[in-house]
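This report refers to the structure that appears directly beneath it.
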Amino acid sequence: MRFTSTTLASLLLTLSTSAAIADESILFIGNSFTYGFGSAARFYRADTVTDLNNEGIGGVPALFKSFADQAGLDYEVALETRGGSGLDFHLAEKRGVIGRRPWDKVVMHGYSTLDSAQPGNPATLIETAGQMAEFLQGLNPDVEVYLTATWSRADQVYVEDRPWSGKPIEQMALDIRAGYDQAAANAAAIKSVNPVGEAWTRAMTLGVADANPYDGIELDKVNLWTYDHYHASDYGYYLEALVVFGNVTGLDPRSLGENECSAYELGMSRSQVRGLQQAAFEQLASEGKVTPNPLSLPRPVSPEHCN
Numbered sequence: 217m218r219f220t221s222t223t224l225a226s227l228l229l230t231l232s233t234s235a236a237i238a239d240e241s242i243l244f245i246g247n248s249f250t251y252g253f254g255s256a257a258r259f260y261r262a263d264t265v266t267d268l269n270n271e272g273i274g275g276v277p278a279l280f281k282s283f284a285d286q287a288g289l290d291y292e293v294a295l296e297t298r299g300g301s302g303l304d305f306h307l308a309e310k311r312g313v314i315g316r317r318p319w320d321k322v323v324m325h326g327y328s329t330l331d332s333a334q335p336g337n338p339a340t341l342i343e344t345a346g347q348m349a350e351f352l353q354g355l356n357p358d359v360e361v362y363l364t365a366t367w368s369r370a371d372q373v374y375v376e377d378r379p380w381s382g383k384p385i386e387q388m389a390l391d392i393r394a395g396y397d398q399a400a401a402n403a404a405a406i407k408s409v410n411p412v413g414e415a416w417t418r419a420m421t422l423g424v425a426d427a428n429p430y431d432g433i434e435l436d437k438v439n440l441w442t443y444d445h446y447h448a449s450d451y452g453y454y455l456e457a458l459v460v461f462g463n464v465t466g467l468d469p470r471s472l473g474e475n476e477c478s479a480y481e482l483g484m485s486r487s488q489v490r491g492l493q494q495a496a497f498e499q500l501a502s503e504g505k506v507t508p509n510p511l512s513l514p515r516p517v518s519p520e521h522c523n
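Going left to right, the sequence shown walks through residues 217 to 523 as the numbering used here numbers them.
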């Protein structure tokens, strides 16, 4: 068979495009808790992921992509986010964007208090998570959906006349998790809940993170919240990404090692990285989501070798 130059060029383009297709696709749907408001993570490595809204976001999806690449996993990562929104917004306004293609895996969450109008009420989350899961199943019957249960907001606990005022810092995370567990039980496509809020609490219990930013940050502890005591800092989003990575892949977050590239690029110390990875691992292991395997993945000799 003879090929013309045009035919050969077309064939080579097809082969190169096929070779570039990732093993799995994963979409993140969320709000500022996904895109990283208040932190350097917001626009971190934005060129490694696809922002379906074309806003140049990196955030937690880019951290996940970085972890996956270092672990030798081939994920095509995309995100669709809108600040201050729950899943009801994405259902009403973004189905056309989300539905451009089928997805293998989807990570998503709703508003940080479960319901912006009725804090602590999971009814809207349960309904909209089920509706979104059904929509995603329509695109791919085998899709795996993961819900991210978010963290206790210091501004909702330590400030007077707020829904969780005066309660232990861990209580809000537990209440949020309970709502997400109900949502997961209500939809077959939802495979699991990412226990991010409880991993934050565990980091405090382990002495890695400070539990109350309003009275100052204790020596050698990190502040998981950013300046508004509501959203996360780089440390908080990093811990969120570690939990999602561990739950979605089944890999021990500690396998990324203390020289993990993104932590180095975001200015974290090795001891901080070890502590945050340990908190993520312990929470995931306590729920049977990962098997201990801290040293199985190749790691850079030094973080200066990160790409």
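For glycine and all other residues, C-beta sits at the position ideal for the given N, C-alpha and C.
Residues near residue i in its chain [Cβ-Cβ closer than 7 Å; skip 5 each side]
| i | result |
| --- | --- |
| Leu330 | Gly336, Asn337, Pro338, Leu341, Ile392 and Gly395 |
| Thr366 | Phe249, His325, Ser328, Ile392, Val412 and Gly413 |
| Glu386 | Ser368 and Thr417 |
| Glu474 | Arg486, Val489 and Arg490 |
| Glu434 | Asp426 |
| Trp380 | Gln372, Val373, Gln387 and Met388 |
| Pro508 | Asp468 and Ala501 |
| Ala256 | Asp450 and Leu482 |
Helix, strand or coil at residue i according to DSSP, with G and I counted as helix
| i | result |
| --- | --- |
| Gly246 | strand |
| Ser408 | strand |
| Val464 | helix |
| Ser449 | coil |
| Leu440 | coil |
| Thr364 | strand |
| Glu296 | strand |
Cβ neighbours of residue i in the same chain (closer than 6 Å, five flanking residues each side left out)
| i | result |
| --- | --- |
| Phe497 | Asp468, Pro469 and Arg470 |
| Gly254 | Thr442 and His447 |
| Ser478 | Leu279 and Ser282 |
| His445 | Ala370, Asp371 and Pro429 |
| Tyr451 | Val438 and Leu440 |
| Val276 | Thr250, Tyr453, Glu456 and Ala457 |
Supposed contact pair residue j and residue i - C-beta distance, whole angstroms, cut 8 Å
| i | j | result |
| --- | --- | --- |
| Val460 | Val323 | 6 Å |
| Glu309 | Ala238 | About 27 Å; that fails the 8 Å criterion. |
| Ala345 | Ala404 | Actually they are not in contact, since the Cβ atoms of Ala345 and Ala404 sit about 12 Å apart, beyond 8 Å. |
Assigned exposure category for residue i - 16 Cβ within 10 Å defines buried
| i | result |
| --- | --- |
| Asp290 | exposed |
| Thr297 | buried |
| Gln334 | exposed |
| Glu376 | exposed |
| Leu268 | buried |
| Thr421 | exposed |
| Asn270 | exposed |
| Glu476 | buried |
| Thr364 | buried |
Pair within 9 Å by beta-carbon distance, residue i and residue j
| i | j | result |
| --- | --- | --- |
| Leu390 | Ile314 | no |
| Gly252 | Gly274 | yes |
| Leu295 | Met348 | no |
| Arg317 | Phe351 | no |
| Leu564 | Leu482 | Summary: the structure shown does not reach residue 564, with the chain confined to residues 217 through 523, and so no result is reported for it. |
8 Å Cβ shell around residue i - same chain, five flanking residues per side excluded
| i | result |
| --- | --- |
| Glu503 | Pro411 |
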